[in-house]
Amino acid sequence: MKTIMISLDSLRAKRLGCYGYSKPTSPYLDHIASEGVLFENAFASDIPTEAAHTSIFTGKVGLRTGIVSHGSQLNNLSKSTEWLPTMLRQAGITTGAVDNLYQLQEWFARGFRYYINSVGNRRWIKGERRLYLLFLAITGKV
């Protein structure tokens with residue numbers, strides 16, 4: 111089984127073809143969604159992005175991790191805190207990410223075998239190409 115989690119900040123599902131939008135705004139995401147499970151409802155346990163994504167990867171709400179705001183100098187996730195990408199990689203699962211969350215906090219890159227910082231040296235790669243490269247890496251075709 112292959113799992114790809116796609117998390118997009120500030121995007122309305124109603125503007126994606128896989129959720130019924132009639133305009134071709136998301137052909138690559140629509141293709142991936144057509145071959146897998148598409149969640150109809152998702153709810154964030156925390157806001158903003160830094161706290162929400164830390165919650166996704168730890169299974170704990172911000173009050174438990176201490177990450178409750180964006181970009182605070184006080185934010186620090188202990189290296190001993192279990193982190194989903196690390197657990198998956200330790201279980202032998204190929205992990206990869208394309209994002210700019212590393213710019214917020216270094217812990218977002220923990221556990222990923224493949225990690226592309228979208229505002230780093232490889233920024234020139236178009237979004238669909240980045241997603242395609244990650245897909246190839248995960249499926250072992252690279």
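Quick note on our numbering: the sequence shown kicks off at 111 and runs consecutively. Heads up, the beta-carbon is just placed ideally off N, CA and C, and yes, glycines get one too.
Length of the line joining the Cα atoms of residue i and residue j
i           : j           : result
residue 202 : residue 135 : 35 Å
residue 186 : residue 213 : 14 Å
residue 137 : residue 131 : 11 Å
residue 234 : residue 207 : Reliability fails at residue 234, whose pLDDT of 38 lies under 50, so the model's placement of it is uncertain and no value is given.
residue 122 : residue 227 : 24 Å
residue 156 : residue 165 : 7 Å
residue 116 : residue 190 : 25 Å
residue 223 : residue 118 : 21 Å
residue 178 : residue 133 : 36 Å
residue 170 : residue 188 : 13 Å
residue 114 : residue 184 : 31 Å
residue 129 : residue 152 : 13 Å
residue 232 : residue 225 : Because the pLDDT at residue 232 is just 44, under 50, the model does not fix this residue reliably, and the point stays unresolved.
residue 127 : residue 140 : 6 Å
residue 229 : residue 142 : 24 Å
residue 215 : residue 209 : 12 Å
Beta-carbon spacing of residue i, residue j below 8 Å
i           : j           : result
residue 211 : residue 180 : no
residue 204 : residue 221 : no
residue 168 : residue 159 : no
residue 172 : residue 154 : no
Beta bridge counterpart(s) of residue i as assigned by DSSP
i           : result
residue 207 : 225
query: Contact between the region 142-156 and the region 194-201: three or more CB pairs below 8 Å?
result: no
| request: Taking only runs that begin and end inside the region 145-223, name each unbroken beta strand (DSSP E) of 3 or more residues, in chain order. | output: 206-209
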